[in-house]
Amino acid sequence: MIMIEALRGFAYYKGVPLWRHALVLQWTLQILSGVLVVALVTTFFTNINNTIQDREIPHGFSFLSREYQTPIGQHFLPYESSDSFLYAFGVAATNTIIVSIVGVILATALGIVVGVARISGNWLVSRTSLIYIEVFRNVPLLVQLFFWFYVVLALPPVRQGYVFADKLYINNGGVSLPWPSASNWSAAWAWLAVVLASLLVAMVLHRVLTRREAHTGQSSYPLVSGSVAAVAMSVAGWLFVNAAFGEAPFAISDPAPQGTFGRIAGGFTISGGLMALLTGLVIYTSSFIAEIVRAGIQSVGHGQTEAARSLGLAPMAALRHVTFPQALRVIIPPLISQFLNLTKNSSLAGAIGYSDLANVAKTMTQTAPAVSIYLLLAAAYLAMSLTYSLIGNLYNRSIRLVGN
Amino acid sequence: MFRKWLILAGLLVALSLVVVGCETVDTSALENEISERDAKIAELEAMVMDLEGTAEMPAEMAGSRLQTVLDRGKLICASRNDVPGYGFLDEAGNNVGFDIDLCRAVAAAVLGDANAFEIRLITAAERGPTIQSGEVDMLVRTVTWTTSRDAQWGNYTQTMFYDGQGFLVQKDLGISSSLELRDATVCVTQGTTTELNLQDFSNQNDLNITALTFEDTDAVVAAYQSQQCDAFTNDRSQLAAISSAFENRDAHVILPETISEEPLGPVVPHGDEQWYDIVKTVMAILIYSEAYGVTSDAVPAESTGDTKVDRLFGLEGSFGQETLGLSQTVAQDVIGSVGNYGEIYDRNLGPGGINLPREGGRNALWADAACSDCPKGGQIYSAPLR
């Protein structure tokens, strides 16, 4: 009898049977899912390990310091075939990051325009935008990329390309334009540091003057003063660096045809593959962003617009100052997903001849263990995506409703 | 809140310690077990030695590649369908080509049916991972034999075609040598030895070549044809094959220099020597049938009086069929359905295909077997069948 009483004592906690006690149930669930996760991860790695050993698949990371000795088509960082695998990986990652950043900016701009057009009162504008969205978001991206690849190929070849004032070259090899180039990098970096400092000063100045204007009601021209300060400091810095190093930090380099084949050297060339890739990615992603923007704007109560209009705000001003800031809260989280999609979708670049990270990594599997390369590739994309998420979430936090 | 997480983290750590701990059991018990197993293994090995002595070697060991293929009822080859002559689709939509025929020959040898095969289409860059993982039985996709691929990818069986890398350019550029490709942009398929050789060639000759790399050969060809690049580099035979399909074939020329060695042949996954030997033997059957002058329309079913021919077609003696787990008359199946090396060459790469010259070149036979003292000057040669 006493035994049973003792057991009952164990089976009950604060008068509730253990199998119905919220705390016990929660903890059991937590521990069970913990075991499951650990077991899954362990199985996964054991499996990789066993397969690698059974099939004698090469692995390891010692190749990273070896010379890569393989060409990379386009690169924004300087690259030579005697550079290491690790550096080549970085060069390729930079190619992807640039596509991703430029693509995100352009796709967002285009997406907002199309999204706003979609809810325009103008029938033609709204229908055009509808067709744009439905066409581009419903055709597979790879098909679109090949379409733009062939559009670029349809441009005249480099030796018969369009030339504007010997400065701008457009052909199927790409678009080449004048670009600042530095001959002395220490001078260039010195000046860039000055520019950065002047921007900081300008921002502080802008904030101080804005506050003064708000407090005293006196016109203080924060934007004008800030810009003037930044420009003045930058110019002074340029002159100083010029005097100190004996040469200008940057000179404009003009593109020009070179050699037997008339390939364009100098200046800056956006290669044909990059053009096709960016066009495809931007148009595809912007059609999704447009729908997100439309949904965001429509989620703001109509009363807000009416109130803004009755206060005397013009339609565009009402959108800009009243509707859009509120819509932003709904727009930002799915927008971040689109940025991530764009970044990851850029890995299709290999199909149309742009040397993005995935493309170069696949080439690397020729002379380095594929397992290691794909692990690195996954880690690199994960790092990029997490960085985007982090920035996006920080921004999202800064605009959310206060007190929420 | 914070405490709750701390407890959870502690629990997880404890849990993983338990999992790890499970693997470090009492070692003395294990050592006992190991020595017992060693004894058993020695016993088994002795038995196997006995069996070998009595010539009843169990060829089809459980879990072998051969058994897998037999159970599956078809052979899986990784190949391509975008280059005429090597791997292409005919008008009826069938896979045809030199590489495809090598796959058919192995299917005929192992399963007795040259059509019991499946082609897995892969890009050049996917070749390494595909054969490394062992998901295909054989890789025949214009694969160049190199030492690092032999070490990393799988086992190269036999060189079935000797090729070398060249450049295709448009005639109106007016260049006559690959050494004039200074500052040129060159299109190349990703994941190929040509991609690697291109860099070496550019460095050695200080040519500053820019490579434009595409995953698919189709995209390379499109870029070359619209002059996004000045030259197209690949194995010479593939350049000939691909340009043969151009509308304005005469406006293009393959530059005379051959910048690399590209021996091509089938590859099998690492780790199964029996399978490796089988594929090598099938390749030898193709080569020696040509050397003996036996074609698909005259496969001997009874003794011809020539010992070598009789041995090849299983009418007399043996060249190791049983040990490999192949049927005695495997050569009859292979040659009867696919033809000998010369027939395969003529059908795909010779007059019946993309018309690459063979006579007197490297891809001629080394010698006719009937007349081993009168070499034909080629390099196609394999282990003798006996």
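Note that the protein sequences, when read in sequence, are chains A and B.
The first sequence begins at 557 in this note's numbering and counts up by one.
The second sequence begins at 3 in this note's numbering and counts up by one.
Backbone N, C-alpha and C fix where the C-beta goes; we use that ideal spot for every residue, glycine too.
This one's a predicted model, so the numbers in the text were calculated from it and none came from an experiment.
- Sequence-distant partners of residue 832 of chain A (beyond 5 residues in either direction) whose C-beta falls short of 6 Å from its own C-beta, in its chain, are 704, 705, 708 and 908.
- Between residue 632 of chain A and residue 650 of chain A, the C-beta spacing is below 7 Å.
- For residue 275 of chain B, the uninterrupted alpha helix (DSSP H) run begins and ends at 275-293, by DSSP.
- Residue 937 of chain A is positioned such that its CB atom lies no closer than 7 Å to that of residue 895 of chain A.
- DSSP, reduced to helix, strand and coil, places residue 237 of chain B within a strand of the structure shown.
- With fewer than 16 other Cβ atoms from the protein chains shown falling within 10 Å of its own Cβ, residue 661 of chain A counts as exposed.
- Contact check between the region 181-196 of chain B and the region 231-243 of chain B: three or more CB pairs, one atom from each, fall below 8 Å, which counts as touching.
- Under the 10 Å beta carbon count, residue 940 of chain A is surrounded by 16 or more other beta carbons and is classified as buried.
- Within the model, the alpha-carbon separation for residue 901 of chain A versus residue 369 of chain B is close to 55 Å.
- At a cut-off of 7 Å between C-beta atoms, residue 612 of chain A counts as an interface residue with respect to chain B.
- Contacts with chain B (Cβ-Cβ distance below 7 Å) from the region 627-639 of chain A involve 627, 629 and 637, listed in chain order.
- Neighbours of residue 907 of chain A in chain B, taken as residues at a C-beta separation under 9 Å, are given in chain order as 216, 217, 218 and 221.
- According to the DSSP assignment, residue 168 of chain B belongs to no alpha helix (DSSP H) but to the beta strand (DSSP E) extending over 167-172.
- For residue 615 of chain A, the three-state secondary structure derived from DSSP is coil.
- Its Cα nearest to that of residue 289 of chain B, the residue B:367 stands out among B:339, B:239 and B:367.
- For residue 632 of chain A, there is no enclosing beta strand (DSSP E), as DSSP gives it neither H nor E.
- For residue 75 of chain B, no Cβ of chain A is located within less than 7 Å of the residue's own Cβ.
- Judged by DSSP in its simplified three-state form, residue 79 of chain B adopts strand.
- Counting along the chain, the unbroken beta strand (DSSP E) around residue 188 of chain B starts and ends at 187-191.
- Against chain B, the beta carbon of residue 728 of chain A has neighbours under 9 Å at 225, 228, 229 and 230, listed in chain order.
- Distance from the Cα of residue 303 of chain B is smallest, within the candidate group B:293, B:317 and B:66, for B:317.
- Within the region 246-275 of chain B, the residues whose Cβ lies closer than 9 Å to some Cβ of chain A are 271, 272 and 273, listed in chain order.
- In this chain, the beta strand (DSSP E) harbouring residue 812 of chain A covers 812-814.
- For residue 953 of chain A, the three-state secondary structure derived from DSSP is helix.
- Inclusion of residue 284 of chain B and residue 278 of chain B in the CB contact set at 7 Å is not warranted, their separation being larger than that value.
- Residue 612 of chain A has its alpha-carbon roughly 10 Å from the corresponding atom of residue 605 of chain A.
- Looking at the DSSP output, residue 735 of chain A shares a beta bridge with A:809.
- In the DSSP assignment, residue 890 of chain A falls within the unbroken alpha helix (DSSP H) covering 880-901.
- DSSP, read as helix, strand or coil, puts residue 817 of chain A in coil.
- Of the candidates B:386, B:142 and B:184, B:386 places its Cα closest to the Cα of residue 314 of chain B.
- Just so you know, the alpha carbons of residue 253 of chain B and residue 175 of chain B end up roughly 10 Å apart.
- The way I'd put it, the region 720-738 of chain A doesn't touch the region 856-876 of chain A; fewer than three beta-carbon pairs between them come closer than 8 Å.
- According to the DSSP assignment, residue 86 of chain B belongs to no alpha helix (DSSP H), since it is labelled neither H nor E.
- Residue 580 of chain A and residue 591 of chain A have their C-alpha atoms roughly 16 Å apart.
- A straight line joining the alpha-carbon of residue 912 of chain A with that of residue 776 of chain A spans about 48 Å.
- DSSP places residue 718 of chain A in the strand class (E or B) of the three-state scheme.
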